[in-house]
Amino acid sequence: MSVADLLALEGVAVGDKVRLQGWVRTRRDSKAGLSFVQVHDGSCFDPAQVVAPGELENYTDAVVHLTTGCSMIAEGTVVASEGKGQSVEVLASRIEPVGMVEDPDTYPVPAKRHTFEYLREQAHLRVRTNSFSAMARVRHCLANAVHRYFHEHGFYWVHTPIITGSDCEGAGEMFRVSALDLENLPRTESGGIDYSQDFFGKETNLTVSGQLNVESYCLALSKVYTFGPTFRAENSNTSRHLAEFWMIEPEIAFADLAADADLAEDFLKSIFRTLLNERADDMEFFQKRIDKTCLERLEKFVDASFERMDYTEAIARLEKVVADGHKFEFPVKWGMDLQSEHERWLTEEHIGRPVVLMNYPKDIKAFYMRMNDDGKTVAAMDVLVPGIGEIIGGSQREERLDVLDARLEEMNLDKADYWWYRDLRKYGTVPHAGFGLGFERTLIYATGMANVRDVIPFPRTPRSAAF
RNA sequence: UCCAGAGUAGCUCAAUGGUAGAGCAUGCGACUGUUAAUCGCAGGGUUGAAGGUUCGAGUCCUUCCUCUGGAGCCA
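Mapping of the first sequence onto the working numbering: residues -15 to 451, in sequence order.
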């Protein structure tokens, strides 16, 4: 049975015979011949305490040599615990070591404190620690909550491609996908690489966003979303960026920017509510050991309404606070992109709640965002949250072909590259909107973890893909 | 990519230019049910790499590598 069921007394009672399988967290010996073995199996935060009496036939040969990381099977009786840390424990009648740790002296994750930096170098074993097993369960819970929310609200999950033939997704540097022999590249007559001989007969890359593809499904299925890995070959070395990360991108038809903002707010609150309800054990750990404010932050988040504010208004308020003597490193001026420090001031100090900033200057935003009537701004939005800054970026999409074409031209983009995207505006176009949410940043916000590399099992960053 | 900091025992860190140490972990021992157990003993080092200065370099200089934090890019 699982440790979770045992500790919750689910389908089991004191006096029952049980069998546990898992890994040793610690072994403590007491007087001559009695050991306490903490066993974890991933089913919940707490390990189970297995009491190994000295009378076990393999006690001196095997049990006292169990060390952190060994795998084992324990059979025994559920008893009320005489100790303080747990209500029930298993009094073992048989302990079977399955896989020993060959050299405890060099086991990379012994029972002691480790820095996250060190554990990143032991990514294959770090999930055996409290922090990373808790994170794995929280990650699963939130991913599951994402799918449940959309399913219950009539959205379809669309599997947009990982390999893309569009070189026009426009969200950053891409990883090339090629089956060509790098040591012996085929050349065109003019000396360039001849991609017509490559696997797909053209240049292909890993996707940086499923948005363009999901828009096509939106204009037939009305409410859709993607949730999968995306790839950016940017040389970003920060605690908030990965080369491979998971992104959630809903897209809704017959919808404007206000509806998009409403969806973002309802969605975020819903998944965090699910997390608080379903992973209280792991969240208690994050609260206690990682970030003392994370529970309070989430509880406030699911109750507070998001402030909505136009970019132009935000600039006015930033200019006012600067005039009142507040110092920023970067100047504030209409038309500029907000810096991290500006976003954080708005959401943390000025409003004190999540803020949806809307209607940005067109010159700092992407070609597909819908032009507003003022001719200066586009229907874009960013959701800013205290403690992390931007967590969502979204927009109403430009559904008018003539306006879209004008924007493509203005930004020196080739209309031919966007032929199928433009078709969507020729055949039954509708106003539609969507946003992108970085899943790892959501996890950081929820748990208070400081680095995005510690919320994904095997992080990919510049110069690092060791596992 | 830019700015700053760091790299010494398995891990976390000390060490004024002059004999490389501690805590934790690990092993052994002690301890009447432990909970980050406690106490004692022990083993454990090419000080990131290559050059240079010096009687002498973990320490100073140069170059490089790696990591961390911040910025930019963004999610």
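Idealized CB from N, CA, C, for every residue including glycine.
Please read all numbers here as calculations on a predicted model, not as lab measurements.
Quiz item: Which residues bound the alpha helix (DSSP H) around Thr258?
Solution: 241 to 262
Self-check item: Val(-2), buried or exposed, once every other Cβ within 10 Å from all chains shown has been counted against 16
Solution: exposed
Quiz item: What did DSSP end up calling His137 once you bin it into helix, strand or coil?
Solution: coil
Quiz prompt | 6 angstroms Cβ shell around Phe134 - same chain, five flanking residues per side excluded | solution = Tyr209
Quiz item: Does the count of Cβ pairs from the region 335 to 355 and the region 379 to 396 closer than 8 angstroms reach three?
Solution: yes
Quiz prompt | Residues bridged to Gly69 [DSSP beta-bridge criterion] | solution = Its beta-bridge partners do not exist; DSSP assigns none.
Exercise. Determine the DSSP secondary structure at Thr210, reduced to helix, strand or coil.
Key: strand
Exercise. Rank Phe351, Trp318, Ala363, Val414 by C-alpha distance to the C-alpha of Lys399 and give the top, closest one.
Key: Minimum Cα distance to Lys399 is reached at Phe351.
Quiz item: So Ile79 packs on Val47, CB below 8 angstroms; how close in whole Å?
Solution: 5 angstroms
Quiz item: Anyone know if the C-beta pair for Ala298 and Leu260 falls short of 9 angstroms?
Solution: no
Practice problem: Pull up the distance between the alpha-carbon of Leu(-9) and that of Thr148, whole angstroms please. | Solution: 48 angstroms
Quiz item: For Pro441, which three-state DSSP category applies?
Solution: coil
Quiz item: Relative to the C-alpha of Asp321, which residue among Ile335, Glu374, Glu280, Lys272 is closest?
Solution: Glu374
Quiz item: Apart from the five residues just before and just after Ala76, which ones in its own chain have a Cβ nearer than 6 angstroms to its Cβ?
Solution: Scanning its chain for C-beta atoms nearer than 6 angstroms, with the 5 sequence neighbours on each side dropped, one finds around Ala76 the residues Val34, Ala36, Ala58, Gly60, in chain order.
Quiz item: So the alpha helix (DSSP H) Tyr344 belongs to, where does it begin and stop?
Solution: Element bounds for Tyr344: not the alpha helix (DSSP H) but the beta strand (DSSP E), 339 to 345.
Self-check item: Thr277 classed as buried or exposed, judged by whether at least 16 other C-beta atoms fall within 10 angstroms
Solution: exposed
Self-check item: Simplified DSSP state of Ser193, which is helix, strand or coil
Solution: coil
Quiz item: Does the pairing of the region 272 to 287 with the region 432 to 442 give three or more beta-carbon distances under 8 angstroms?
Solution: Contact holds: three or more Cβ-Cβ distances are below 8 angstroms.
Quiz item: By Cβ distance, which residues of its chain are closer than 8 angstroms to Val414, with the 5 residues on each side in sequence left out?
Solution: Leu203, Ala237, Phe238, Glu383
Practice problem: Pair every Cβ in the region 435 to 450 with every Cβ in the region 420 to 427, then say whether three or more of these pairs are closer than 8 angstroms. | Solution: yes
Quiz item: Anyone know if the C-beta pair for Val142 and Gly176 falls short of 9 angstroms?
Solution: Between Val142 and Gly176, the C-beta gap is not smaller than 9 angstroms, which leaves the two residues out of contact.
Practice problem: Just mark His326 as buried or exposed, buried being the case when its beta carbon has 16 or more other beta carbons within 10 Å. | Solution: His326 comes out buried.
Exercise. Locate the alpha helix (DSSP H) running through Ser55, then write down its first and last residues.
Key: Unbroken run through Ser55 is the beta strand (DSSP E), 55 to 64; no alpha helix (DSSP H).
Quiz prompt | Cutoff 8 angstroms; reference Val74; Cβ partners in own chain excluding five residues on either side | solution = Leu(-10), Val2, Leu4, Ala32, Gln33, Val34, Val35, Ala58, Gly60, Thr61, Val62, Val63
Quiz prompt | Helix, strand or coil at Ser117 according to DSSP, with G and I counted as helix | solution = helix
Quiz item: Applying the criterion that 16 or more other CB atoms from any shown protein chain within 10 Å of the CB defines a buried residue, is Met267 buried or exposed?
Solution: buried
Exercise. Just tell me which of Lys304, Arg257, Gly319 has its CA closest to the CA of Asp287.
Key: That would be Arg257, whose Cα lies nearest to the Cα of Asp287.
Practice problem: List the endpoints of the continuous alpha helix (DSSP H) containing Trp404. | Solution: 403 to 410
Exercise. Please name the residue in Gly53, His98, Asp438, Leu247 whose C-alpha comes closest to that of Val8.
Key: Gly53
Quiz item: Of all the options Phe251, Thr51, Leu368, which has the alpha carbon lying nearest to the alpha carbon of Glu233?
Solution: Phe251
Self-check item: Straight-line gap, Ala118 to Trp404 (C-alpha atoms, nearest Å)
Solution: C-alpha separation (whole angstroms): 44 angstroms.
Exercise. On a CA-only basis, which of Leu368, Leu50, Asn128, Arg121 is nearest Pro94? Give me that one, please.
Key: Leu50
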